[in-house]
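A.B. asks:
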Amino acid sequence: LDKTVEGGDEFKFGDLTVKVYDLPGHTRGHVGYHFPEANAFFCGDTLFVLGCGRMFEGTKGQFWSTLQKIRSLPKETVMFCAHEYSQSNAKFARYVDPTNECLKTASDVITDMRSRGEATVPSMLADELLCNPFLRVNDEAVQKRAAELTKTQAHDLSDVFAQ
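Heads up: the sequence shown begins at 155 in the working numbering, then just goes up one per residue.
#1: Along the chain, which unbroken stretches of the alpha helix (DSSP H) at least 4 residues long are found entirely within the segment 168-246?
#2: With DSSP as the reference, label Glu-272 as helix, strand or coil.
#3: Buried or exposed: which applies to His-188, given that a residue is buried once 16 or more other Cβ atoms fall within 10 Å of its Cβ?
#4: May I ask you to verify whether the segment 216-235 touches the segment 243-258, counting CB pairs closer than 8 Å and requiring at least 3?
#5: Just the Cα atoms here: how many angstroms apart are Asp-310 and Asp-281?
#6: Just the Cα atoms here: how many angstroms apart are Asn-286 and Ala-236?
#7: Can you tell me which of the three DSSP states Lys-166 falls into?
#8: Between the alpha carbons of Asp-313 and Lys-214, how many angstroms are there, rounded?
#9: Using the Cα positions of Ser-240 and Leu-204, report the straight-line distance between them to the nearest angstrom.
#10: Ignore the nearest five residues each way along the sequence and tell me which others in Trp-218's own chain have a CB closer than 7 Å to its CB.
#11: Could you check if Phe-210 is buried or exposed, using at least 16 other CB atoms within 10 Å of its CB as the buried criterion?
#12: Cutting at 6 Å between CB atoms, please list the residues of its own chain near Asp-163, excluding the five before and the five after it.
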């Protein structure tokens with residue numbers, strides 16, 4: 155590789171256009187690759203099935219802004235993350251969002267798939283928007299549960315995300 159990219163860049167990969175997204179939060183220089191014609195987004199360590207990456211270098215505000223960018227992609231986007239953390243993420247997500255029936259179903263499917271040795275990556279953005287608590291911090295149930303678990307009151311959505 156001899157060319158660096160940054161958010162806003164576009165290039166061709168075969169016949170496909172690739173749009174580079176700046177995704178700070180996990181790390182300052184994290185980027186994602188959107189293939190609009192293929193409805194695919196490679197998000198690295200920013201978003202996982204039912205979870206998200208850790209904040210190593212970014213701030214909660216940066217990370218929440220990054221997740222907002224991802225939330226704005228078309229719902230039919232196929233999300234390719236960097237790691238298979240789905241089972242542990244499902245356990246955490248159900249702890250944070252115990253009344254979410256969509257999440258319960260997704261968790262059961264993940265458990266079944268992993269028991270057969272099947273991969274759960276990629277996922278659909280539409281499913282993540284319904285089940286992933288890190289994409290649902292604007293939901294009242296997630297906000298209430300975050301405040302209950304952390305015993306703190308959020309001042310904005312980035313606070314809820316970080317809780």
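Using N, Cα and C, we set each Cβ at its ideal position, and we do this for glycine too.
C.D. replies: The relevant details are as follows:
#1: For the segment 168-246, whole alpha helix (DSSP H) runs of length 4 or above, ordered along the chain, are 214-225.
#2: Taking the first residue of the sequence shown as position 1, residue 272 is located at position 118. In the structure shown, Glu-272 sits in coil (DSSP, three-state: anything other than H, G, I, E or B).
#3: Along the sequence shown, read from residue 1 onward, the residue named residue 188 stands at position 34. His-188 should be labelled buried.
#4: Contact fails: fewer than three Cβ-Cβ distances are below 8 Å.
#5: Numbered from its first residue, the sequence shown carries residue 310 at position 156. Numbered from its first residue, the sequence shown carries residue 281 at position 127. Within the model, the alpha-carbon separation for Asp-310 versus Asp-281 is close to 24 Å.
#6: For the purposes of this step, residue 286 is taken as the residue at position 132 of the sequence shown. For the purposes of this step, residue 236 is taken as the residue at position 82 of the sequence shown. Distance between the alpha carbons of Asn-286 and Ala-236: 16 Å.
#7: Along the sequence shown, one-based indexing puts residue 166 at 12. Here Lys-166 sits in strand by DSSP.
#8: Within the sequence shown, residue 313 is the residue found at index 159, counting from 1. Within the sequence shown, residue 214 is the residue found at index 60, counting from 1. Separation of Asp-313 and Lys-214 (C-alpha to C-alpha, rounded to the nearest whole angstrom) is 7 Å.
#9: Position 86 of the sequence shown, counted from the first residue, corresponds to residue 240. Position 50 of the sequence shown, counted from the first residue, corresponds to residue 204. Annotation: Ser-240 to Leu-204 spans about 6 Å, alpha carbon to alpha carbon.
#10: Along the sequence shown, read from residue 1 onward, the residue named residue 218 stands at position 64. Take Trp-218, set aside five residues on each side of it, and the residues of its chain with a beta-carbon closer than 7 Å to its own are Leu-311, Ser-312 and Phe-315, in chain order.
#11: Taking the first residue of the sequence shown as position 1, residue 210 is located at position 56. That one is exposed.
#12: Residue mapping note: residue 163 aligns to position 9 of the sequence shown, counting from 1. The residues are Val-174.
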